[in-house]
Structure formats: C-alpha cells, structure tokens
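Chains as they are written, first to last, in the numbering used here: chain D, 7 to 161; chain C, 7 to 161.
Ideal Cβ placement from N, Cα and C applies to all residues, glycine included.
2 protein chains.
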Amino acid sequence: MASKPRWLTPAEESAWRKYIVASRRLLEALDDDLSRNGLSLSDYEILVHLSDAQDRRLRMSDLADKTILSRSRLSHRIKYMEGKGWVERHKCATDKRGTWAVMTTKGWNSIVKAAPDHVESIRKRFIDQISKADQVNIANAFEKVEDNLRKDLKL
Amino acid sequence: MASKPRWLTPAEESAWRKYIVASRRLLEALDDDLSRNGLSLSDYEILVHLSDAQDRRLRMSDLADKTILSRSRLSHRIKYMEGKGWVERHKCATDKRGTWAVMTTKGWNSIVKAAPDHVESIRKRFIDQISKADQVNIANAFEKVEDNLRKDLKL
C-alpha cells in the first residue's frame, strides 16, 4: 500500500469488532448444531437452493451465482456432497460445457430431517436476540455488502 | 423436536438469508485478502487481542473469553500459531494450572505488516458499503447476539 492507511474510527471499529466476533462464533455454533444431523452450514445452504429450484436441479453456474461461491470453491463442495450421495452432477444435453447439480432423494431427506432443528437453532442464536427493526436494518445493510461482494467476484 | 417447528416469517427469513450469504462470503473474501500476508482471520483476531494486552500476553482463559472460543478450539489454534513462531505458551509462575499465551516479536511484526491491507479490505468490503446508522444498528444487534452466545458457551 503506497497511501496512508485509512484506519477505522472508534464507531467503525466498534461495528466491525462486534460483527466479526459474534459472526465467527455464531457460524461455528450453527455448524456444531447442524453437525448432529450430519450436515455443515455450507452443505445445508446448497441443498436449500437446490430444493427451491425446479426439479431440484440447477446449473453449476447458477448455483455459484446464488451462493456467491467461486466456481472452484463450489466444485470442491459439490464433489464432497456427491461423495455423501446428496447430489449428482449431470451433463447438460443441450450445452456441452454446462453441468447440472441435481439433488438426490437422499439429499432431500437430509435437509427435511435437519430443518426443524436448524430453524430452532437460527431462532435461538440469532432471530430471537434481535428486534424486528434490527431484522430490517440487517437485511438492508447486508444486501449492500452482498451486492458489492458479488460485483467483486465477477471481476 | 417434539413440538411443531417455529418456521421463520418472511421478514425473519429475509434477514437471516441476507446476513448468512453475505457473511459467509465476506469472511472468505477477508481470509483470502489476509492470506497474502500469510495470516488467517482467526490468527489475526488472536494477535490483535494479544497486542492490546499488557506485555502482549494473556492467560489462555482470558483469551478464550475475549474471542468467545471454546478452550479446545483455542488450544488447537494456539498450537498452530506456536508452530508459526507468532506466539509462545508460558506456564504461570503463581498458578500451576494456568498458561499464558505470549506474542513474539515475529507475531507482532506479522500483524503490523498485515494491518494496512487488512483495514483497507474491511473498509472496501464492509464499512464503506454501509451507512453510519447501519454501523450503530449492527454494533447493537451483534452485541446482543454475542452476549447470548457467550452465556451459552459457559453452560
């Protein structure tokens, strides 16, 4: 860095520290909770996107876009999930370069089984701790953070 | 779960999805940025706590408390950081059961070197994306999330 660092102000530092300490611990706790159902938070997230999609299948490129994962991180993850029998990869009939990620019945059963515990864990550790106004503020703020990250990933 | 799952309302679902998708990706991006300076986000966080402490040392129990890490996760992390030469573990002279985590000169130099890039990366990916009001809201909301996680860790 050639220019002088733009150090954080006390208010910025406070927001950043509170956010990062709580978030890292929150993600660990949710991962620990989910692991009792044999899933990780990233497995769960991918399975949710597939379960929302028509015929429970998405092109790898669309799945990468929805999860804001780089293609290499997503491929790595899907390979693992294929080993677990939760998804299969199918070649596109119409597009030789394209690949579909297809959710299996085993994958579907896994999130159906995990969902009630997972939602309880999200409530207890996150939603029930914050006000309705916080929910709206957080949705808006993280939408902006997400839009920027998404832009950056495409460069 | 015996009782009926308390599924999320659309507003809760939106807050949760926005938060989790952006946060997971944000943490990955910050980790990627920091890795150019040979550190991970959790290494950096631990080194910051040590650098703020008197004589750049903290009892392991105090460090676990500040980072909200379980003793086993912290021990695992400190063992790795000891291997890198960033910290040393010293037995307490006055308390046979106690151990200090002590930052080395190499550890100090590592965060001094990484800090300007890291703060730029926090600004670009997080602080500069949100308003001043968002900063205050996020600090307050995540303080409540943190207090609850902390309580839970002590049970």
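Q) Which residues does DSSP pair with M109/C in a beta bridge? A) V93/C
(Q) Do R131/C and L32/C count as a contact pair if the criterion is CB distance below 9 angstroms? (A) yes
Q | Helix, strand or coil at L69/C [DSSP, three-state] | A | helix
Q) In chain order, what residues of the same chain have a beta carbon less than 8 angstroms from the beta carbon of T110/D, not counting five sequence neighbours either side? A) G91, W92, V93, E94
Q. Taking 9 angstroms as the CB-CB limit, is Q60/C close to chain D?
A. no
Q.
Distance check for T105/D and L45/D, CA to CA, integer angstroms please.
A. 24 angstroms
Q) D140/C: buried (16+ other C-beta within 10 angstroms of its C-beta) or exposed? A) buried
Q.
So I117/D contacts chain C; which residues on that side make the cut at Cβ distance below 9 angstroms?
A. Going along chain C, no residue has its Cβ under 9 angstroms from I117/D, so there is no contact; the nearest lies around 13 angstroms.
Q. Cβ of D158/C within 9 angstroms of Cβ of A147/D?
A. no
Q) Interface residues of chain C around K11/D at Cβ under 8 angstroms? A) Looking at the sequence itself, residue 11/D is Pro, so the reference to Lys does not match. The contacting residues are A121, P122, V125, E126.
Q. For L56/D, does the three-state DSSP call read helix, strand or coil?
A. helix
Q: Consult DSSP for R172/D and reduce its assignment to one of helix, strand or coil.
A: The requested residue 172/D is not part of the displayed model; chain D covers only 7 to 161.
Q | Top-ranked residue by Cα proximity to S127/C, from S41/C, L69/C, K24/C | A | S41/C
Q: For W22/D, collect the residues of the same chain with a Cβ closer than 7 angstroms to its Cβ; drop the 5 residues on either side in sequence, then sort them by chain order.
A: L14
Q) CB E152/D to CB V27/C, shorter than 9 angstroms? A) yes
Q | Cβ-based neighbour list, V54/C, same chain, cut-off 7 angstroms, excluding 5 preceding and 5 following | A | I117
Q. Using the C-alpha atoms, what's the distance from V125/C back to A17/D?
A. 14 angstroms
Q: Find the residues of chain C that neighbour Y25/D, judging by a C-beta separation of less than 8 angstroms, and give them in chain order.
A: F132, I144, A145, F148
Q) Hey, D47/C and D58/C: beta-carbon distance below 9 angstroms or not? A) Sequence check: residue 47/C is Leu here, not Asp. For L47/C and D58/C, no; Cβs fall outside 9 angstroms.
Q) Three-state secondary structure (DSSP) at L45/C? A) coil
**Q.** Cβ-based contacts, 9 angstroms cut-off: residues of the stretch 58–87 of chain C near chain D
**A.** K72, T73, I74, L75, S76, R79
Q: Assign L75/D to one of three DSSP states: helix, strand, or coil.
A: coil
Q: Measure from the alpha carbon of M87/C to the alpha carbon of each residue in A120/C, A70/C, Y50/C, then state which is nearest.
A: Y50/C
Q. How many Å lie between R83/D and S76/D at the Cα?
A. 11 angstroms
**Q.** Neighbouring residues, chain D, relative to W22/C (Cβ below 7 angstroms)
**A.** I128, F132, I133
Q. What distance in whole Å lies between the Cβ atoms of L155/D and I52/D, which are believed to be in contact at a cut-off of 8 angstroms?
A. Not quite, the Cβ-Cβ distance comes to about 18 angstroms (not below 8 angstroms), so this is no contact.
**Q.** Cutoff 9 angstroms: L159/D Cβ touching any chain C Cβ
**A.** yes
Q: For chain C, find out if any of its Cβ atoms is closer than 9 angstroms to the Cβ of L155/D; answer yes or no.
A: yes
Q: Can you pull the chain C residues whose beta carbon is under 7 angstroms from the beta carbon of L32/D, in chain order?
A: V151, L155
(Q) What does the Cβ neighbour count give for D101/D, buried or exposed, with the cut at 16 atoms within 10 Å? (A) exposed
Q: Please name the residue, chosen from R62/C, L80/C, S20/C, that lies closest to A70/C on a Cα-to-Cα basis.
A: L80/C
Q) Hey, how far is the Cα of K112/C from the Cα of D39/C? A) 20 angstroms
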